[in-house]
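In this note's numbering, the protein residues as written are 13 to 262. We treat Cβ as the ideally placed atom computed from N, Cα and C, and that holds for glycine. None of the values given here were measured: they were computed from a predicted structure. A quick write-up on the structure given underneath.
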Amino acid sequence: MGFAGTTVWIIGASEGIGAALARALAQAGAQLILSARNKAALDDLAARCGAAAQVLPVDLATAGSLAQAAATIGPGSLDAVICTAALYDPSRVEDMDPETTARLVAVNLLGSFEVARLAPPLLRDGGQLVLFGSVAGYFGLPGGQPYSATKAAVNNLAESLRIELAPRVDVRLVCPGFVATRLTAKNDFTMPAIITPDDAAEAVIRGLQGRAFELHFPKRFTWAIKALRALPYALSLRLTRRLGVKPDGR
Ligand SMILES: NC(=O)c1ccc[n+]([C@@H]2O[C@H](COP(=O)([O-])OP(=O)(O)OC[C@H]3O[C@@H](n4cnc5c(N)ncnc54)[C@H](OP(=O)(O)O)[C@@H]3O)[C@@H](O)[C@H]2O)c1
Numbered sequence: 013m014g015f016a017g018t019t020v021w022i023i024g025a026s027e028g029i030g031a032a033l034a035r036a037l038a039q040a041g042a043q044l045i046l047s048a049r050n051k052a053a054l055d056d057l058a059a060r061c062g063a064a065a066q067v068l069p070v071d072l073a074t075a076g077s078l079a080q081a082a083a084t085i086g087p088g089s090l091d092a093v094i095c096t097a098a099l100y101d102p103s104r105v106e107d108m109d110p111e112t113t114a115r116l117v118a119v120n121l122l123g124s125f126e127v128a129r130l131a132p133p134l135l136r137d138g139g140q141l142v143l144f145g146s147v148a149g150y151f152g153l154p155g156g157q158p159y160s161a162t163k164a165a166v167n168n169l170a171e172s173l174r175i176e177l178a179p180r181v182d183v184r185l186v187c188p189g190f191v192a193t194r195l196t197a198k199n200d201f202t203m204p205a206i207i208t209p210d211d212a213a214e215a216v217i218r219g220l221q222g223r224a225f226e227l228h229f230p231k232r233f234t235w236a237i238k239a240l241r242a243l244p245y246a247l248s249l250r251l252t253r254r255l256g257v258k259p260d261g262r
């Protein structure tokens, strides 16, 4: 679909890819509902997007917050719901802090379940529900938990939803490679094929106008990780063993 005249709810709009999507969709003529926790950032973004943007703060980690926001939106009134909201705090499993892990699971996974439960009634027939998984969910790389397990789960959730909600709702899964945002600013390694949030937003918008279920980009990186996943474990685990090894040899 073209986005002129459509109404799109972006959950995770205050930063990164969500904010870039908001700017690009406003430019394309969409009306926007912008959600995340940081209201000041959302207000700034709404001012940049013009009169067509409305701010609706949401905290996916707070029980009832998404439901309260959803109750203010009319049934069948949206053309798309896009959830980019997620937290990232990668570590080795033995170093994981239980509270951080619970927060990541609450936002990335339980938050996605809530979006999947509450968004469909708000969408018009044929509307799009767009979940952000990740290439990180294709294969469990060392040093990437608990984030990558939550993203594997979101990839899996989107597959189930795609069939469960068809044909009334057009479910899409977005799996980016590396995008330069505050999320990846936590990485202390060179990120191959990294792209800008604006490039990521452009790839998403182009993909949503096509028919593919999964939008993955940049292809030069995502195909390599897909190939890793397709290998027998005897080979793929040997390859991933080289990754995430600390200087002290752990
Ligand atoms: N960047 C990458 O390389 C990359 C690669 C693969 C997949 N992805 C996925 O792409 C999506 C966007 O990532 P990004 O890089 O744009 O991340 P980001 O810059 O950190 O933005 C994440 C967004 O999620 C919101 N958020 C976080 N916790 C929330 C909560 N409890 N309730 C509501 N909103 C919350 C943040 O807003 P507030 O802080 O204001 O709440 C922010 O708007 C994520 O799903 C990520 O997993 C990113």
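Is the beta carbon of residue i sitting closer than 8 angstroms to the one on residue j?
i, j, result
"A65", "A38", "yes"
"V186", "G145", "yes"
"P158", "L122", "no"
"V166", "N120", "yes"
"A32", "L57", "no"
Do you know offhand how far residue i's Cα is from residue j's?
i, j, result
"S89", "G30", "21 angstroms"
"A131", "F125", "10 angstroms"
"G263", "S26", "With the chain represented from 13 up to 262, any question about residue 263 goes unanswered, as that position is not in the structure."
"L68", "A81", "7 angstroms"
"A224", "V183", "10 angstroms"
"A212", "Y100", "18 angstroms"
"K277", "R60", "A query on residue 277 cannot be resolved here, the shown segment of the chain reaching from 13 to 262 and no further."
"K231", "N199", "21 angstroms"
"A16", "L243", "43 angstroms"
"E176", "I94", "18 angstroms"
"K163", "G41", "31 angstroms"
"G28", "A161", "21 angstroms"
"A192", "R180", "34 angstroms"
"L143", "R250", "31 angstroms"
Thinking just about the alpha-carbon of each residue, which of the options is nearest to the one in residue i?
i, options, result
"F190", "F201, R180 and I175", "F201"
"L72", "T208, Y245, A40 and G24", "G24"
"A48", "A170, T74, R129 and A97", "A97"
"P188", "T196, D182 and V181", "T196"
"P133", "D107, I85, G62 and A213", "I85"
"A148", "T234, S248 and A63", "T234"
"S103", "L153, I206 and L135", "L153"
So is the beta-carbon of residue i under 7 angstroms away from any non-hydrogen atom of ligand 2?
i, result
"N50", "Judged by which ligands are present, ligand 2 is missing from the structure shown, whose ligands are ligand 1."
Start-end ranges of the alpha helix (DSSP H) lying completely within the segment 131 to 217, minimum 4 residues: 159 to 177
Segments assigned beta strand (DSSP E), at least 3 residues, entirely inside the segment 51 to 76: 65 to 67
Start-end ranges of the beta strand (DSSP E) lying completely within the segment 217 to 254, minimum 3 residues: 226 to 229
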